[in-house]
Amino acid sequence: MDRILEVNDLHVHFSTYGGTVQAVRGVSFHLNRGETLAIVGESGCGKSVTSNAIMGLIPSPSGKIVNGSILFKGEDLTKFPEKKMRTIRGVDISMIFQDPMTALNPTLTIGTQLMEGLIQHKKVSAKEAEKRAIEMMELVGIPNPKERLKHYPHQFSGGMRQRIVIAIALICEPELLIADEPTTALDGTIQAQILELFGAIQEKTGVSIILITHDLGVVAKIADRIAVMYAGKIIETGTKRDIFYRPQHPYTKGLLHSVPRLDERGELEPIDGTPPDLFSPPIGCPFTARCPLAMEVCNKVYPATSSLSETHQVNCWLQDERAKQLLAAAASK
Amino acid sequence: MFRYILKRLLIALITLWIIVTITFVLMVSVPGSPFNSEQTSNEAIQANLEAHYNLDKPYHIQYLLYLKSIATLDLGPSIKQPSQTVNDLLGRGFPISFELGMVTIIVAVISGILLGILSALRHNGIIDYLAMGFAVLGISIPNFILATFLIQQLAVNLKIFPVATWSSPMHMVLPVIALATGPMAIIARLTRSSMLEVLTQDYIKMARAKGLSPWKITIKHALRNALMPVVTIMGTLLAGILTGTFVIEQIFAIPGMGKYFVESVNQRDYPVIMGTTVFYSAFLIFMLLLVDIAYGILDPRIKLHKKEGGEG
Amino acid sequence: MKQAEEVTKLSPANVPDEWFTFIEVDKTEAETVSRPSLSYWKDAWRRLRKNKMAMMGLVFLVLLTFMAIFGPMMTPYDVNVQDRPNQYQPPSAEHWFGTDNMGRDVFTRTWYGARISLFVGFVAAIIDVFIGIIWGGISGYKGGRTDNIMMRIIEILYGIPSLLVTILLLVVFGPSLFTIILALAITGWVGMARIVRGQVLQIKNYEFVQASKSYGAKSGRIIRKHLLPNTMGPIIVQMTLSIPTAIFAEAFLSFIGLGVQAPYASWGVMANDSLGAILSGNWWTLFFPAFFISFTMFAFNVLGDGLQDALDPRLRK
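Chains as they are written, first to last, in our numbering: chain A, 379 to 711; chain S, 645 to 956; chain B, 1256 to 1572.
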């Protein structure tokens, strides 16, 4: 399998007024060429920080990558100087953000915003740029592209704007697209349209996608593989089938139970409690305080990684033989 | 855009009319008419006044005739300076004040914006602290006090600049500094805070994610958005500079309109006060209109009379 | 820290068997936030205190108020008694700030001037607040057509150069303490009205207001109990920042001869009287009033800025 991106043991810290926040604490995952990986977790778990780290957009000097490597096509991005990163951003790796209403500059035409990256990075002529821009608009499904190039963002609806944002991200034909909560700010039907668009684009251009979201419904539609993140760590990784049909970690199970599903009946159960404070994160498993099956070892030691299959990994003490014995004993009482 | 300008023009005219009316009402309510023979020194002036202001007619007729005279730009005679009309005084003094004002505005706007941008880009650095410290002083020290201080130090003691009057570029330096410091400080502060806020916006993040160079991001993306709030306060600043000319011209003995105005206030030369007030107000209102139009050009949401949403 | 790291590196084989027992987890504990939370006002005060410039301004103003009240009692001189032979004495042991062109003690006059300037500033600002709250409050709360009309009026009034109108008023009615305050108040309330209206519009739509409405609370009560306390922040800031404007205006008017008349003495009047003195080197007659006008405005501005930051709910940590 050709790995286009490999993140190894990434640690990102922020120094703030109240102390140091350990936002990302040893995250490792990889992305294969042409697939879609979804990083799932609740607000504050570190997923956005991770994607910002890949792009080299961690606000410095308050934020810092203190450990780890990010290998893009074999090269470690954490070692790149800013100037070199600028040649990567928008060209090899692109990113789109959550809120389409604020992602576009209100005082510039969308034509300008579409073409500027292309002109700067690929040095094409204005005419060529316009041609490409129109092509992209058609790709993302905006009618009357030639005319609308001269329009301003406020003349488009939310769904349209997000399409434009996607067009801007893809115009330089990047190999990796990071989408940070791309549908969260949109209505239901528009959400579905945008997700379909992602699928169509991936088919057409072969771009690899990292999709960041807290919404499992979104994940179910287009993800090939899923990484579940909690309190700065990835606690479970697997293919879509692995995660949806054989979830191992209590947190993953909790997430699935709090989302309505057509194949199960029963009540929705939200997970009690809130994530831990990242100023002084717990030494052991961060989910212990909210876990219905917490054990003493969970508090004391961070769970080792268990591999259930080539594609499915989880960090949970319940995988240990002794835990399974304990569960069996408790069940037979 | 057209509708926008029309609306602004309408408001401008109404405002002007209100001021003219207020001026008229106040003048006729001066205890003991301002136009009686105690004030004037001779019969010729008195006759002039009566002719111009129609003092024998009932108030509402006076008012209408007054409006007419304003519309025809005839601002009446002066009481205290025989054979001078307000128009004469304006003709002499205004060009000088205008020059002072224009130079001041250019200096204040350019240096204020530059300072503000620099501070925002070097947020929390040395430049930022120094610039903003200077700015707070700038808005706190009244321009006339700064003026006297400048004269005392630079003109009298060190003799670098001339003390008074208006005959060479060197003469311009001190008055302009005194008049421009306040507005420059205000512009610098506003530009800085506006810039800082713009730099946290999503579209700036997006521009960075596109790999655009920092220069391009600052000038092409950030600046236009950051300057919009600055344009909106230009009106107030202009008014401040205008009233500032009153005292600055006094202190530096510059023969501009402001000086004549202050003199007429001190001497209670009512026709001059009225005429000048109306003129100044008209001028200011016109400037405000220009500022509004400039804002309309900057902000595309106004330029293209908003269409409601697009196709879904 | 070292020990914890070692612990986490334990491989499954090294983890003791006894640790594999279920534990009771107190879910409610997980919900407590680790830092104590403060009320809005306490948090604001804490933040203000951290701001050195703002505190400096505050301390200065407190001292100034103190001196304004007690200063004149510290000297045997009367504020208005002239003593021509003694004119233009530089600062000395007898006259701490020297004497002015009429031989009056500058020290005493400075504190009298403080009283007048501060009084004018405060009263004008307070009147502005009142008018502004009423106008802006009604406009924002009623909304719809009323709001539209009231805002149109504001727009027009905003375009009227206030200092010019103030000058006109004073020329017509004669300058006196009363008319100056009145003129400043009449021309200055527009800014406050806008701010109040903006606040009211924001808060009107908050959920707890809707909730109140839904169980029938009357308009007046809603305004008093809910809207007003939440709008206080920007109003206080605006007031703090409008006082220096009033002080400046008073000084300015004095400078063109429309200031308070004798027997009152404001800083602006003192500065105006002493203009001629610069050329002859009697710096103290101008310095003290000029310094105090500037520093007082500086103190209010810095305090106002600090308050703005401290009371901004978005900056709460």
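Every residue gets a Cβ at the ideal spot worked out from N, C-alpha and C, and that includes glycine.
Chain-ordered chain B contacts of residue i [CB-CB under 7 Å]
| i | result |
| --- | --- |
| V675 (chain A) | V1270, W1274, F1275 |
| A832 (chain S) | Under the 7 Å cutoff, chain B gives no residues; its nearest Cβ is about 14 Å from A832 (chain S). |
Under 9 Å between C-beta atoms of residue i and residue j
| i | j | result |
| --- | --- | --- |
| L633 (chain A) | L594 (chain A) | yes |
| A511 (chain A) | P523 (chain A) | yes |
| V692 (chain A) | T615 (chain A) | yes |
| A1379 (chain B) | L1423 (chain B) | no |
| Y648 (chain S) | G940 (chain S) | yes |
| V891 (chain S) | I1511 (chain B) | yes |
| A938 (chain S) | L840 (chain S) | no |
| W1274 (chain B) | V444 (chain A) | no |
| R912 (chain S) | V1420 (chain B) | no |
| Y530 (chain A) | R868 (chain S) | no |
| V1455 (chain B) | S1394 (chain B) | yes |
| L492 (chain A) | I549 (chain A) | yes |
| P786 (chain S) | S1549 (chain B) | yes |
| I466 (chain A) | G434 (chain A) | yes |
| S472 (chain A) | A547 (chain A) | yes |
| S586 (chain A) | E384 (chain A) | no |
| I568 (chain A) | F534 (chain A) | no |
| W1539 (chain B) | G1353 (chain B) | yes |
| T659 (chain S) | Y707 (chain S) | no |
Option nearest residue i by Cα separation, candidates the options
| i | options | result |
| --- | --- | --- |
| D650 (chain A) | A:C550, A:R668, A:I512 | A:R668 |
| E1505 (chain B) | B:A1545, B:L1562, B:I1436, B:T1495 | B:I1436 |
| F930 (chain S) | S:S811, S:N910, S:T880, S:G900 | S:T880 |
| P560 (chain A) | A:Y395, A:A504, A:H408, A:Q476 | A:Q476 |
| T887 (chain S) | S:L823, S:S673, S:D772 | S:L823 |
| A519 (chain A) | A:G537, A:V502, A:H532, A:M493 | As written in the sequence, residue 519 (chain A) is Gly, which differs from the Ala given in the question. Nearest C-alpha to G519 (chain A): A:G537. |
| I783 (chain S) | S:S908, S:R652, S:L650, S:G884 | S:G884 |
| A1520 (chain B) | B:V1317, B:F1374, B:N1306, B:E1410 | B:F1374 |
| T889 (chain S) | S:D732, S:V842, S:V747 | S:V747 |
| S636 (chain A) | A:M473, A:P648, A:L449 | A:P648 |
| F1547 (chain B) | B:G1446, B:A1299, B:F1362 | B:F1362 |
| F450 (chain A) | A:I436, A:L573, A:A672, A:V469 | A:V469 |
| I365 (chain A) | A:V390, A:K528, A:N430 | A query on residue 365 (chain A) cannot be resolved here, the shown segment of chain A reaching from 379 to 711 and no further. |
| E1279 (chain B) | A:L671, A:R411, A:K501 | A:L671 |
| P1489 (chain B) | B:D1402, B:M1406, B:R1304, B:I1388 | B:I1388 |
| S673 (chain S) | B:K1305, B:P1345, B:G1429 | B:G1429 |
| S811 (chain S) | S:M872, S:P899, S:L798 | S:P899 |
| R1407 (chain B) | S:K651, S:A870, S:P721, S:G919 | S:K651 |
| V1270 (chain B) | A:S687, A:I612, A:H499, A:P681 | A:P681 |
| T876 (chain S) | S:K854, S:L657, S:V935 | S:V935 |
| T1276 (chain B) | A:A504, A:V502, A:E674 | A:E674 |
| F668 (chain S) | S:I917, S:Y924, S:S857 | S:I917 |
Within chain A, the residues that residue i reaches when beta carbons sit closer than 9 Å
| i | result |
| --- | --- |
| I1278 (chain B) | T666, A672, M673, E674, C676, N677 |
| P786 (chain S) | Correct list: empty, because the minimum Cβ distance to chain A is about 36 Å. |
Interface partners of residue i on chain B, CB under 8 Å
| i | result |
| --- | --- |
| R587 (chain S) | No information on residue 587 (chain S) is available, as it lies outside the stretch 645 to 956 that chain S covers here. |
| Y924 (chain S) | P1416, L1419 |
| L704 (chain A) | F1275, T1276, F1277 |
Partners in chain C for residue i, counting only beta-carbon separations shorter than 8 Å
| i | result |
| --- | --- |
| G855 (chain S) | Protein chains A, S and B are contained in the structure displayed, whereas chain C is not. |
Cross-chain neighbours of residue i in chain A, by beta carbon under 7 Å
| i | result |
| --- | --- |
| N768 (chain S) | What N768 (chain S) touches in chain A: nothing, since even the nearest Cβ is about 11 Å away. |
| R868 (chain S) | T485 |
Partners in chain S for residue i, counting only beta-carbon separations shorter than 8 Å
| i | result |
| --- | --- |
| G1514 (chain B) | Chain S residues near G1514 (chain B): none, gap ~12 Å exceeds 8 Å. |
Within chain S, the residues that residue i reaches when beta carbons sit closer than 9 Å
| i | result |
| --- | --- |
| T562 (chain A) | Neighbours of T562 (chain A) on chain S: none; closest Cβ ~13 Å, over 9 Å. |
| I1511 (chain B) | F890, V891, Q894, F905, V906, V909, N910 |
Contact set between residue i and chain A, taken where Cβ atoms lie within less than 8 Å
| i | result |
| --- | --- |
| R945 (chain S) | P484, Y530, H532 |
TODO: Spell out a yes or no on whether the stretch 825-837 of chain S and the stretch 775-785 of chain S are touching, meaning 3 or more CB-CB pairs, one atom from each, closer than 8 Å.
DONE: yes
- [ ] Assess, as a yes-or-no matter, whether the stretch 619-631 of chain A is touched by the stretch 598-606 of chain A under the definition of 3 or more beta carbon pairs within less than 8 Å.
- [x] Using a C-beta cut-off of 8 Å, the stretch 598-606 of chain A makes contact with the stretch 619-631 of chain A, since at least three inter-stretch Cβ pairs fall below that distance.
TODO: Quick one: which residues of the stretch 1402-1434 of chain B get their C-beta closer than 9 Å to a C-beta of chain S? List them in chain order.
DONE: R1407, E1410, I1411, L1412, Y1413, G1414, I1415, P1416, S1417, L1418, L1419, V1420, I1422, L1423, L1424, L1425, V1426, V1427, F1428, G1429
TODO: Could you tell me whether the stretch 1319-1333 of chain B touches the stretch 1350-1368 of chain B, where touching means 3 or more Cβ pairs closer than 8 Å?
DONE: Output reads yes: the stretch 1350-1368 of chain B touches the stretch 1319-1333 of chain B.
Open item on the list: With three or more beta-carbon pairs closer than 8 Å as the criterion, would you say the stretch 392-411 of chain A touches the stretch 561-574 of chain A?
Closed with: no
TODO: Can you give me, in chain order, the residues of the stretch 514-532 of chain A that have a beta carbon less than 7 Å from any beta carbon in chain S?
DONE: Along the stretch 514-532 of chain A, going in chain order, the ones with a CB nearer than 7 Å to a CB of chain S are P521, Y530, H532.
Task: Interfacial residues, the stretch 841-855 of chain S to chain A, with Cβ spacing under 9 Å - done: Q845, D846, Y847, I848, K849, M850, A851, R852, A853, K854, G855
- [ ] Taking a Cβ distance cut-off of 7 Å, strictly less, list which residues of the stretch 1542-1557 of chain B are near chain S, in chain order.
- [x] A1545, I1548, S1549, M1552, F1553, N1556, V1557
Open item on the list: Using a Cβ distance threshold of 8 Å, determine whether the stretch 1305-1320 of chain B contacts the stretch 1553-1568 of chain B, with at least three qualifying pairs required.
Closed with: yes
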